[in-house]
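Just so we're aligned, residue -12 is where the sequence shown starts under my numbering, counting upward by one.
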Amino acid sequence: MYTDVYEKLKRKNQILFTRDSVCLQRLLAKMGEQNDRTLVLWALECCRVPVKRLKEHFPEDERPQRALEASTMWSMGKIKMPEAKKAILQVHAMTKDVDSPEDAALCHAVGQGCSTVHTRGHAIGLPMYELTALVRLYGVDEARLDEKIEYYVNQLDLCMVKEHTQPRLWAPFLLK
């Protein structure tokens, strides 16, 4: 199930997972069944893990947390896209300030997850980059990767229920 990841690692690719990765097909199918609000909730919730990890590595750098906060506010209609976009681009730019490929991948994971508010196509970027970070840290530990993918699927189920049962303020563009 991880043959393509091994090949990309051998070729020294920066990103080790794609939309075509066999291991992501179940998650992608489940994501395709969700409405935009569920995907936004899921992405913002899942972003908390890489944001926390980056905070541990770079306690003084607030860019990941700011991107998550701005995107959350954007999803609620409390700020407009340009303000959130600026915060998201700053977390992507953080990759220039980090030395490890793991941390760079985590920055991109946060940026992609936060960008899900803009368009659902960004949602899969979060696992693609976060899983890449895991491989950079632990190697291709298939059990660990399976566990993380299962976490994404379970979080999607939880967010689907939450979106339907817990009232939340939404930006008008996410109510369409």
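We put the beta carbon where it would ideally sit given N, CA and C, even for glycine.
Could you check whether the Cβ of residue i sits closer than 6 Å to any heavy atom belonging to the ligand MG?
i, result
"Lys149", "This structure simply doesn't include the ligand MG, nor any ligand for that matter."
Since residue i and residue j should fall inside the 8 Å C-beta cutoff, what is the C-beta to C-beta distance between them, to a whole number of angstroms?
i, j, result
"Thr103", "Ala30", "4 Å"
"Glu129", "Tyr(-11)", "6 Å"
Please name the residue, chosen from the options, that lies closest to residue i on a Cα-to-Cα basis.
i, options, result
"His151", "Leu3, Gln21 and Tyr(-11)", "Gln21"
"Ser87", "Gln1, Gln99, Lys39 and Trp157", "Gln1"
"Leu132", "Cys34, Arg40 and Phe4", "Phe4"
"Ala110", "Arg24, Glu70, Gly126 and Glu(-6)", "Arg24"
"Met81", "Glu70, Gly108 and His44", "His44"
"Leu55", "Gly100, Gln142 and Glu137", "Gly100"
"Gln142", "Lys17, Ala91 and Asp(-9)", "Lys17"
"Leu41", "Leu161, Glu134, Glu70 and Val85", "Val85"
"Gly108", "Lys83, Gly19 and Leu156", "Gly19"
"Trp157", "Ala91, Ser58, Glu137 and Arg53", "Ser58"
To which residues of the same chain is residue i closer than 6 Å at the C-beta, ignoring the five residues directly before and after it?
i, result
"Pro169", "Since the first and last residues shown for the chain are -12 and 163, residue 169 lies out of range."
"Ile66", "Met60"
"Gly112", "Gln99"
Who are the near neighbours of residue i in its chain, counting only those whose CB is closer than 7 Å to its CB and skipping five residues on each side?
i, result
"Pro159", "Gly64"
"Tyr139", "Leu14, Cys33 and Pro114"
Touch test, the stretch 54 to 70 against the stretch -10 to 10, Cβ-Cβ under 8 Å, three pairs minimum: no
Could you tell me whether the stretch 68 to 75 touches the stretch 112 to 120, using the rule of 3 or more Cβ pairs below 8 Å? no
Given 8 Å as the limit, is there contact between the stretch 140 to 158 and the stretch 11 to 28, that is, 3 or more CB pairs closer than that? yes
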